[in-house]
Amino acid sequence: VTLLPRVDQFWYKFAYMEEMLGNVAGARQIYERWMKWAPGKNAWNTYVKFEVRRRNIPRARSIYERMLITHTELETYLKFAKFENKHGKREYARLVYERGLKELGEEAHREEFFVSFAKFEESCKEYDRARVIYKYALDNVPKEEAQRLYAMYSSFEKKHGTRETV
Numbered sequence: 052v053t054l055l056p057r058v059d060q061f062w063y064k065f066a067y068m069e070e071m072l073g074n075v076a077g078a079r080q081i082y083e084r085w086m087k088w089a090p091g092k093n094a095w096n097t098y099v100k101f102e103v104r105r106r107n108i109p110r111a112r113s114i115y116e117r118m119l120i121t122h123t124e125l126e127t128y129l130k131f132a133k134f135e136n137k138h139g140k141r142e143y144a145r146l147v148y149e150r151g152l153k154e155l156g157e158e159a160h161r162e163e164f165f166v167s168f169a170k171f172e173e174s175c176k177e178y179d180r181a182r183v184i185y186k187y188a189l190d191n192v193p194k195e196e197a198q199r200l201y202a203m204y205s206s207f208e209k210k211h212g213t214r215e216t217v
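All residue numbers for the sequence shown refer to our numbering, where the first residue is 52 and numbers rise by one.
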């Protein structure tokens with residue numbers, strides 16, 4: 052077959068059918084052919100979920116890496132970092148956040164990115180790192196877009212700060 056449709060629903064059903072028949076290699080081959088078309092984020096996320104169901108975390112990680120090439124967006128970095136954290140690779144999650152900040156530049160200077168990054172550091176009990184992230188964010192995110200950020204930082208300092216920082 053040399054001509055394949057660009058209809059996502061076809062690809063979803065085709066890969067799902069192969070997976071249900073137990074043909075994991077066939078389903079993976081379908082996903083690989085589909086990804087060559089550089090489909091939308093949902094298609095990539097479906098492929099990641101497929102590999103997670105197969106408990107092939109390293110392969111899911113490499114799919115996320117490839118996804119970042121075609122979808123260099125804040126949402127992709129956040130999902131990838133959460134994926135790494137969920138699967139016990141906190142150092143990788145931190146690298147994904149740092150990489151997102153570096154590669155996205157000004158696009159990463161959004162409240163949701165910094166809140167997610169700071170919450171991650173707080174969950175790792177890296178309070179000094181979280182504090183630095185909050186302060187950097189408050190200096191770089193416009194005030195009108197940072198209401199939640201101010202509230203989160205205030206709450207953070209009340210929990211983990213000293214009398215001087217609160």
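No residue lacks a Cβ here, since even glycine has one placed at the ideal position from N, Cα and C. Here the structure is a predicted model, which means the values were calculated and not measured.
For residue 124, does the three-state DSSP call read helix, strand or coil? Residue 124: coil per DSSP, three-state reduction.
State the Cα-Cα distance for the pair residue 110 and residue 212, rounded to the nearest angstrom. C-alpha of residue 110 to C-alpha of residue 212: approximately 40 Å in a straight line.
Spatial neighbours of residue 178 in its chain, beta-carbon cut-off 7 Å, leaving aside the 5 residues before and after: For residue 178, where only same-chain residues beyond five positions count, the Cβ hits under 7 Å are 211.
Under a three-way DSSP split, which group does residue 202 fall into? Helix at residue 202.
Within a Cβ cutoff of 6 Å, which residues of the same chain sit near residue 173, ignoring the five residues on either side of it in sequence? Within the same chain, residue 173 has close Cβ partners 181.
On the CB-based measure, 16 or more other CB atoms within 10 Å of its CB, does residue 113 come out buried or exposed? Residue 113 should be labelled exposed.
Does the Cβ of residue 52 have 16 or more other Cβ atoms within 10 Å, making it buried, or fewer, making it exposed? Unreliable placement is indicated for residue 52, whose pLDDT of 48 sits below 50; the coordinate value is still reported in the next sentence. When all chains shown are included, residue 52 counts as exposed.
Taking the CB atoms as reference points, tell me whether residue 63 and residue 82 lie closer together than 7 Å. No.
Just the C-alpha distance for residue 78 and residue 118, rounded to the nearest angstrom, thanks. The alpha-carbon atoms of residue 78 and residue 118 are separated by roughly 18 Å.
Can residue 125 and residue 162 be called in contact, C-beta distance under 7 Å? No, Cβ-Cβ distance for residue 125 and residue 162 is not below 7 Å.
Are the beta-carbon atoms belonging to residue 175 and residue 141 less than 7 Å from one another? The answer is yes: Cβ separation under 7 Å.
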